[in-house]
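Peer 1: Take the position in the sequence shown, starting the count at 1, then add 166; the result is the number in the working numbering.
Note that the Cβ used here is the ideal one computed from N, Cα and C, for glycine as well.
Just so we're clear, the structure is a prediction, and the values are computed from it rather than from any experiment.
Just passing along the structure, written as structure tokens.
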Amino acid sequence: MSLLESVKDRLAGKIDSGEYPAGSKLPPIRELVRELDASFVTVQRAIGLLQKEQYVKSHVGKGTYVIRGSLDMDTSQAKAGGNSVAFVFSDPYPLTNYQMEIYRGVQEACRAMRLVDRIIGIDDDPRGVDSSRLFGAISICQSPLALELSGRGVPVVMCGEIPQDKSADSITPNYHDGSRQVVRHIAGSGARRIFFVDVFEGSSELCFMERRIGYQEAMREAGLKAEQPMRWHWRKCSSAVKSLLSKPPKSQFGIFAANDAMAFEICEMAHEMGLRIPEDFSIAGLEDMACARQCEPQLTTAGYDKRGLGQEAVKMLARRVRRGLSEGAERVMLPMKLIVRGSVRPPH
């Protein structure tokens, strides 16, 4: 065995053992040079070979990230074909905390079923994906890549997203009911007006439509008038939200944001404007992201078992493989649970 092959196999072994887990960034090459006792060029070439074998993926200016999960099984069997589950996601590497929790569930279920998990970004070239080696794919975003794989006859499960393609299997949190629970809780605090902060203008994601419907239903149940949704623009303040906080209603009011990330940014904006939460207004989000616990005060929200979502997605994929592609789509909704923290006034 040549030195290059030895270095490549040692790196692959670290990935297979979980020392370098999927989604993580490889150490800098200079650090690997010391660890593997090899030259810079040899380590660089070994990483290049691992990229061809779809263990890692390099991003210019960002580093090299692991895209294959650890193996609790015989490696030769795992690579024999048809045992890989592709995890398709939207954001650049590394995975966000939210995505990583879902992915950990996917990993656990894959190991239990003796499957291999690997990560694919939506910007990856589908021509580089060998469909013959895929057991199936789990996509946490609406993506042309998922559609491309489905078109090739690869079973695909939409995870956390309501598919636009009615023939696709999906497992989704019950955003409709989660939104209702949150809005009813804000209404129970005595808020007479509750504003809904929606996603950016033009978004057609069905899961956000479910949140709007849940908000509207909860407002009717509380005998309150639903407000016109305020559109949130990522990476810049929503002028409508800023205007609301600058000239708040005289009556007690609250804000329901379509997810925790938007609610977090609104809280930051409010603090900069000298407003107090929940004394001046109540606010809540959805999904129980990590940022919900970083708010001051911590954010009231509705959450779900993200790891369980990933596990159930793999089980759904296995059911699809057993049933074949011709049967109708399976739809599963995961319950959401209200999580009360300090950002909403206590009920009267």
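(1) Where does the unbroken alpha helix (DSSP H) through residue 351 begin, and where does it stop?
(2) Let me confirm a value: residue 283 is counted as buried when at least 16 other C-beta atoms fall within 10 Å, else exposed. Which label applies?
(3) If you draw a straight line from the C-alpha of residue 420 to the C-alpha of residue 374, how long is it?
(4) Apart from the five residues on each side of it in sequence, which residues of its chain come closer than 8 Å, Cβ to Cβ, to residue 248?
(5) Report yes or no: do the region 416 to 433 and the region 455 to 462 share at least 3 C-beta pairs separated by less than 8 Å?
(6) What residue range is occupied by the uninterrupted alpha helix (DSSP H) comprising residue 380?
(7) With distance defined between alpha-carbon atoms, name the residue in 274, 323, 213 and 414 nearest to residue 255.
(8) Run through DSSP, which three-state label would residue 175 get?
(9) Within its chain, find whatever has a CB closer than 7 Å to the CB of residue 318; leave out the 5 residues flanking it on each side and keep chain order.
(10) Got a sec? Which residues, its chain only, sit under 7 Å from residue 340 by beta carbon, not counting five neighbours each side?
(11) Note down the Cα distance separating residue 379 from residue 450, rounded to an integer number of angstroms.
(12) With DSSP as the reference, please indicate the residues paired to residue 467 in a beta bridge.
(13) Specify, as a first and last residue, the run of the alpha helix (DSSP H) that residue 225 falls within.
(14) Note down the Cα distance separating residue 347 from residue 422, rounded to an integer number of angstroms.
Peer 2: In this structure, then:
(1) 341 to 354
(2) buried
(3) Residue 420 and residue 374: Cα-Cα distance of roughly 19 Å.
(4) 298, 299, 300 and 301
(5) yes
(6) 372 to 387
(7) Selected option, being the one with the closest Cα: 323.
(8) Of the three classes helix, strand and coil, the one that applies to residue 175 here is helix, per DSSP.
(9) 297
(10) 499, 500, 501 and 502, listed in sequence order.
(11) 17 Å
(12) 505
(13) First-last for residue 225: 222 to 225, but that is the beta strand (DSSP E), not the alpha helix (DSSP H).
(14) 11 Å
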